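Q:
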Amino acid sequence: MSQEKLLIDVGSTYFKISTTSNIEQHRRDFNKEIFDDLIYKCGKTIHSYSKDNIYICSSANGGLSTLIIGLTHSFSLKYAKNIAFNSGINIIETIIYQDIKEYSIPSDLIDVVIIVGGIDSTSDVFGNELYSYLEKLNYSNIVFVGAQKDSPTLVKKIKNLVVLPNIIDDKLHIVEENLKEYLTNLYQADIVAKEEIKHLYEITSNQIYSTPYIVNKTLALIDTKFSVVDPFILIDIGGATTDIHYSKDLVDDNIVTKNEYDRLVFKKLGTYKSKESLIFSAKNNEFVYELLAHLKVTENIFEQQSEKALRVLMQLAIFLVLCKMSHYKKTYINLKLLSINSIVLTGGVTKVLNKDEIEDIISFFYKKILNSNHNPVTVMDNNYDIWTLAITNK
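The sequence shown begins at 910 in this note's numbering and counts up one residue at a time.
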């Protein structure tokens, strides 16, 4: 068997496998289990490698959803949101504890609830309003990362509560590693708990990681293969999610952390599995119809199943995610987009759109949303090289 490394990325719509000589991609057959489809298409290559030399990452699960309950926007919610985003978690709701009675109960299952607030020298921060809300909530995991004097009471009141060190120290600085590790492990566990992903351990003896996690680890190495000028952002548009990776230098809200790069995962901005939610987001953006006119199409394109319709969806995903990181939408972290020198594109988008089509959307965004002629350089990862740079160095 070969002693070289074989790298495999299981996406929501494609498999990518990388050897020292080339990278190839195969569209998934959704009538087959992931393992069976992978072996059918790539079995000869896979069986020529030992399990120790096969490394796998996956984005097929689409990420986790979280709800955060905190005391203040300035510290507890801001810090918890930052850590959750950087761990590849989708935030579906943030709640100020003092106003918890006014919030509705999400109907969907929440993967993880985060409770945060207070420094360790405070106590009696949370009361019955919290417990009443949680009783009505449908969730799988719950973690407390607030004032430690409150943890014994919360443990008694909340079943299966995980208690971690406070993410706010006595000087009001962020302490992120414990919660970040917990959330990252949940994300990994969600991937490997999927029956289809479990089967992949038949061909590897290495841990299977999430693709966004691996890509984020790659950013420090990106200039070994690409001419990227700092600061930059990386946009990975796939079938289930759109992931953004960015330098911490671009964050308007200065939170001191040890990480050089962060990421956001937009679970509902994919172009295949979450196509309907992407279209819904587009229809609710006041500039999209002007963008469609710019692209010389109408909203009827949303009903079509064609190569042109897919291209438009990819272009919309780029525009919408840039909007979500700008001052236009305050829901997510605002980035200093006028300071960006490079925008790197990877994932399925590079197989659908050419460089001119991508630059057209980026230019439209800067002119329409930011009123600027700023023109960051577009870098295309056409061969999916980026995810291969870090997976074997994890």
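Glycine residues also receive a C-beta, built at the ideal position from the N, C-alpha and C atoms. It should be emphasised that the depicted structure is a prediction, and the values quoted were computed from it without experimental measurement.
Find the nearest neighbour of D1294 within the set S1016, S1272 and T1133, judged by alpha-carbon distance.
A: Minimum Cα distance to D1294 is reached at T1133.
Q: Determine whether the beta carbon atoms of P1285 and S1235 lie at a separation below 8 Å.
A: Not in contact: P1285 and S1235 (Cβ atoms no closer than 8 Å).
Q: Quick check on the DSSP output: the beta strand (DSSP E) that includes F924 runs from which residue to which?
A: Run containing F924: Y923 to S927, per the beta strand (DSSP E) assignment.
Q: Where do the ends of the alpha helix (DSSP H) carrying V1160 lie?
A: V1160 -> no alpha helix (DSSP H), and no H or E assigned at all.
Q: Could you say if the region 1000 to 1018 and the region 962 to 981 meet the contact criterion of at least three C-beta pairs nearer than 8 Å?
A: Yes, the region 1000 to 1018 is in contact with the region 962 to 981.
Q: Who are the Cβ neighbours of I1076 in its own chain at under 7 Å, not counting the five residues just before and after it?
A: If we look at I1076 and ignore the five residues flanking it on each side, its Cβ neighbours are Y988, A989, I992, V1025, V1054, I1083, V1084, E1085 and L1088.
Q: Tell me which same chain residues have a C-beta within less than 8 Å of the C-beta of V1165, skipping the five on either side of it?
A: Any reading at V1165 is ruled out, since the residue's pLDDT is 48, under 50, leaving its predicted position unreliable.
Q: Alpha carbon to alpha carbon, what distance is there between V1160 and T981?
A: So the alpha carbons of these two residues sit roughly 20 Å apart.
Q: Do K1065 and D1029 have their C-beta atoms within less than 8 Å of each other?
A: Cβ atoms of K1065 and D1029: not closer than 8 Å.
Q: Would you decide whether V1138 is buried or exposed? Buried here means 16 or more other CB atoms lie within 10 Å of its CB.
A: Exposed, by the Cβ-count rule.
Q: From the DSSP output, which residues share a beta bridge with M1289?
A: BP columns for M1289 point to L1254.
Q: DSSP puts E1002 in a beta bridge; with which residues?
A: According to DSSP, which records beta bridges pairwise, E1002 is partnered with L976.
Q: According to DSSP, which residues form a beta bridge with R936?
A: Y923, per the DSSP bridge assignment.
Q: Tell me, to the nearest whole angstrom, how far the beta carbon of N1115 is from that of Y964; I am working on the premise that it is less than 8 Å.
A: About 5 Å separates the two Cβ atoms, so the contact holds.
Q: Would the beta-carbon of L1073 fall within 8 Å of that of Y1091?
A: Closer than 8 Å, so yes.
Q: Within 10 angstroms of the Cβ of Y1040, are there 16 or more other Cβ atoms? Answer buried if so, exposed if not.
A: So Y1040 counts as exposed.
Q: Between E913 and A1299, what straight-line distance do the alpha-carbon atoms span, to the nearest angstrom?
A: Roughly 15 Å separates the two Cα atoms.
Q: Starting from the C-beta of K1264, find all residues in its chain whose C-beta is less than 8 Å away, skip the five residues before and the five after it, and write them out in chain order.
A: These residues qualify, in order along the chain: T1287 and M1289.
Q: Quick one: what does DSSP say D1033 is sitting in, helix, strand or coil?
A: Of the three classes helix, strand and coil, the one that applies to D1033 here is coil, per DSSP.
Q: What separation, rounded to the nearest whole angstrom, lies between the Cα atoms of A1008 and D1078?
A: Checking the sequence, you will find Asp at residue 1008 rather than Ala. The straight-line gap from Cα to Cα measures roughly 24 Å.
Q: Thinking just about the alpha-carbon of each residue, which of E1044, S1049, Y1042 and D1033 is nearest to the one in S1060?
A: Minimum Cα distance to S1060 is reached at D1033.
Q: What residues are listed by DSSP as bridge partners for D918?
A: Answer is K925 and C966.
Q: Mind checking whether T1093 and Y1122 have CB atoms under 8 Å apart?
A: Yes, these two residues count as a Cβ contact at 8 Å.
Q: Ignoring anything shorter than 4 residues, give me the alpha helix (DSSP H) runs that lie fully in the region 1070 to 1124, in order along the chain.
A: 1086 to 1102 and 1104 to 1107, all fully within the region 1070 to 1124.
Q: Using the rule of at least 16 other Cβ atoms within 10 Å of the residue's Cβ for burial, across every protein chain shown, is A1056 buried or exposed?
A: A1056 should be labelled buried.
Q: Is it the case that the Cβ atoms of C951 and F924 are separated by a distance below 8 Å?
A: Cβ distance < 8 Å, so C951 and F924 count as in contact.
Q: Taking buried to mean at least 16 other C-beta atoms within 10 Å of its own C-beta, is Q1224 buried or exposed?
A: Its Cβ being crowded by 16 or more others within 10 Å, Q1224 is buried.
Q: I believe L915 touches I926 by the beta-carbon criterion, under 8 Å. Please report the beta-carbon distance rounded to the nearest angstrom.
A: Right, the Cβ-Cβ distance comes to about 7 Å (below 8 Å), so this counts as a contact.
Q: Indicate whether W1296 and D918 have their beta-carbon atoms separated by less than 8 Å.
A: Against a cut-off of 8 Å, the Cβ pair of D918 and W1296 comes out as a contact.
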